[in-house]
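From first to last, the protein sequence lines are chains E and S. Counting in my numbering, the first sequence runs from 2 upward without gaps. Counting in my numbering, the second sequence runs from 2 upward without gaps. The beta-carbon is built from N, C-alpha and C at its ideal position, and this holds for glycine as well.
Protein chains: 2
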Amino acid sequence: MGELSLIRQFRRDPPGHPWLKVGPGQDCAILRWGEGRDLAFKIDQVVEGTHFLLDGPEASSPRRIGWKAMAKACSDIAAAGCWPVAAAVAVNLNRRLDDAWAEELHAGLAACCARFNFALAGGDITTSNGAVTVCVSLLGEGPADGAWLRNGAKPGDWLLVTGELGGSRGGKHLDFIPRLEEARRIRALLSGQKPGAASPEPRVHACIDITDGLARDAGHLCEESRCGVEIDEAALPVSAAANEAAQRDGRGVLAHVLGDGEDFELLLAVEPQAAAALLKDWQEATPLRRVGTVLPEGAGRRLKHADGTVEPLPDVGYEHRTGGSS
Amino acid sequence: MGELSLIRQFRRDPPGHPWLKVGPGQDCAILRWGEGRDLAFKIDQVVEGTHFLLDGPEASSPRRIGWKAMAKACSDIAAAGCWPVAAAVAVNLNRRLDDAWAEELHAGLAACCARFNFALAGGDITTSNGAVTVCVSLLGEGPADGAWLRNGAKPGDWLLVTGELGGSRGGKHLDFIPRLEEARRIRALLSGQKPGAASPEPRVHACIDITDGLARDAGHLCEESRCGVEIDEAALPVSAAANEAAQRDGRGVLAHVLGDGEDFELLLAVEPQAAAALLKDWQEATPLRRVGTVLPEGAGRRLKHADGTVEPLPDVGYEHRTGGSS
């Protein structure tokens, strides 16, 4: 089980380059590329048995697998406040899959590129007897005023979340829309506020996409930013799928909203005045809501119930189905 | 067996972007990034059972697997005449591998980055029960006078090759040195010729790295450039490993030199006058030799033996060991 060890190795004193501004440990690496715009660089993979299944009642179609692989990498580009420019894809097929399967996989990948107007620039295809893997590398264009990172949240910041949470396993985990347009709109609205104001400071202090569940990913944001957090239960945006899942398994809606994961929504820590104005101006189809507040580190991570009582934020989160059924 | 179908899909009318100069079908994609240098973008993977083994007498150490994964992607960057800037790596581990194994894999990846002074900018790690895959995405800096492609060879060009060929399975396929420094030196020597000369035309007309064997990769160059080729048997640089392999299996040295593959040497088509001057000026430790001539398309692909007789270039080449022993 060398996974955690390998993650540590990647983060510990990696080989660098003068153009590298942000290395391992963020949603994307950020490079300064000559005189051009900053560049976001991301690699991400989906693995049969972990992120999708090819057999059994929960089997996924190749088109949805392709979409998910590409959209999942896009979600990280969105969390960095960037926009995708080009993708390269490495696929390890299994020899029992036929041409039609491969064509549908490609259609899913290409559909996501076409939806957000970026290039499918290259690929590397192999075939083996083992699990199917689809690995996506993305290049994104960085904004002039800097990419969003995970480590800048400040006490007092409002915690905002796009969309609705929970129940992703009901289907959303395969055909979610990465929040690229929402990230761009947030940036546009914030940069439009106070035109000509003196402060050039970014008002999104930190951002992460919710893959492990709100509780764990809020925890990641706190850890990287060295802060605490209070999540407001009454304000949580509950998806219909979370309600359905709760009715089915009796675990309660809150557990699904906090811990199901693979929501691929954005969690942002935004300077309070800017956040209030942003919510007031927000008119998009995708909801944007305040779900809590960033606290000083000593305050810990807590959940405020509707009745005003407070308890530690539960450590619930998505467990990838490693060793799945196929 | 959807592999060929998927490769066709990638090449057929892929989603584009205004910054994309060269898309699928080359060693790297090439993008223009703002006002900065051109950017080479590559994804490449090594898969257990296909590119390396974990069990049996031919099992590879994790350090050599890491080196191979990174060096193989570097070889494509070299073939485009570019230089690596940053890598991102996706690893799918197997749960029977321990921390020490993962650390050695990382050491092999990082050693290649350190050797050529580029960043290990990010990673994505998963664990499954299946085959180990290591997928590398590389960003390279493009030269001011344009990347080398596969499709510009012209009749009359000299075919040059770096290093020696054949017998890679004896060990070189795991610890070869990607020909980045040789590519840079070739570029420097060629741009140093005729200083201030009127012609701004590139003198390397095409380049490819030899992964499938000289015969097949010369064929790829011909196909992309719509030309023929004559390979001169007497001029072929035979590695010691090719001689050893021929003694062992009795298949003859020529078959190994033309077809073993995974040589990771560069095959270049160079304008004749420039090529002659280049060979005269070449003083590097790595040999650079003329092995043939580019011909008009109608001349086909042929092999000239030492006695002057000519036959069609044999269609021998490296078969990846898909479905290998582990």
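- Under the 8 Å criterion on CB atoms, residue 281 (chain S) is classed as non-interfacial with respect to chain E.
- The shortest C-alpha to C-alpha distance from residue 288 (chain E) to any of E:271, E:166, E:257 is the one to E:166.
- Counting of Cβ neighbours within 10 angstroms places residue 93 (chain S) among the buried residues, the total reaching 16 or more.
- Chain-ordered, the chain S residues with CB closer than 9 Å to the CB of residue 90 (chain E) read 11, 44.
- In this structure, the beta-carbon distance from residue 226 (chain S) to residue 207 (chain S) falls below 8 Å.
- Remark: C-beta atoms of residue 268 (chain E) and residue 307 (chain E) do not approach each other more closely than 8 Å.
- Chain S has no Cβ within less than 8 Å of the Cβ of residue 84 (chain E).
- Rounded to the nearest angstrom, the Cβ distance from residue 96 (chain S) to residue 144 (chain S) is 44 Å, too far for a contact under 8 Å.
- In terms of CA proximity to residue 141 (chain E), E:29 leads the group E:29, E:279, E:271, E:46.
- The beta-bridge partner set that DSSP reports for residue 294 (chain S) consists of S:159, S:231.
- Taking CB atoms only, residue 150 (chain E) has no neighbour in chain S less than 8 Å away.
- Across the structure, residue 104 (chain S) and residue 44 (chain S) are spaced so that their CA atoms are roughly 22 Å apart.
- In this structure, the CA atom of residue 101 (chain S) is about 30 Å from the CA atom of residue 262 (chain E).
- Contact annotation for residue 38 (chain E) against chain S: 35 [CB-CB distance below 7 Å, chain order].
- Using beta-carbon distances, residue 7 (chain S) counts as an interface residue toward chain E, with a partner under 8 Å.
- Counting the other Cβ atoms within 10 Å of the Cβ of residue 281 (chain S) gives fewer than 16, which makes it exposed.
- Each residue's CA atom was taken as its position, placing residue 285 (chain S) and residue 292 (chain S) some 18 Å apart.
- Under the DSSP assignment, residue 77 (chain S) falls outside any beta strand (DSSP E), being part of the alpha helix (DSSP H) whose first and last residues are 63-80.
- Pairing residue 310 (chain S) with residue 160 (chain S) gives a Cβ-Cβ distance that is not under 8 Å.
- Secondary structure of residue 258 (chain S) (DSSP, three-state): helix.
- When the beta-carbon positions are compared, residue 67 (chain E) and residue 110 (chain E) come within less than 8 Å of each other.
- Scanning chain S for C-beta atoms nearer than 9 Å to the C-beta of residue 62 (chain E) yields nothing, as the closest lies near 14 Å away.
- For the pair of segments examined, the segment 5-12 of chain E was found not to touch the segment 2-10 of chain S: the number of CB pairs separated by less than 8 Å stays below three.
- With its beta carbon at least 8 Å from every one in chain S, residue 307 (chain E) lies outside the interface.
- Shown here, residue 85 (chain S) sits in a strand according to DSSP, grouped into three states.
- Here DSSP, grouped into helix, strand and coil, assigns residue 285 (chain S) to coil.
- Taking one beta carbon from each stretch, the segment 41-61 of chain E and the segment 11-18 of chain S have fewer than 3 pairs nearer than 8 Å; the two do not touch.
- Around the C-beta of residue 38 (chain S), 16 or more other C-beta atoms lie within 10 Å, and the residue is accordingly described as buried.
- In the DSSP assignment, residue 178 (chain E) falls outside any alpha helix (DSSP H), carrying neither H nor E.
- At a C-beta separation below 8 Å, residue 58 (chain S) has no neighbours in chain E, since its nearest C-beta there lies roughly 20 Å away.
- Going by C-alpha positions, residue 88 (chain E) is about 5 Å away from residue 139 (chain E).
- Residues of the segment 215-242 of chain S that bring their beta carbon within less than 9 Å of a beta carbon in chain E are absent altogether.
- Within 7 Å of the CB of residue 20 (chain E), the CB atoms of chain S belong to 86, in sequence order along the chain.
- Think of a sphere of 9 Å around the beta carbon of residue 134 (chain E): the chain S residues whose beta carbon falls inside it are 46, 48, 91, 93, 127, 129, 131, 132, 134, 136, in chain order.
- Non-local beta-carbon contacts of residue 229 (chain S) in its own chain, meaning distances under 8 Å to residues more than five positions away in sequence, involve 156, 223, 295, 296, 297, 298, 299, 300, 301, 302, 303 in chain order.
- In this structure, residue 315 (chain E) and residue 259 (chain E) form a Cβ contact; the two beta carbons are roughly 6 Å apart against a cut-off of 8 Å.
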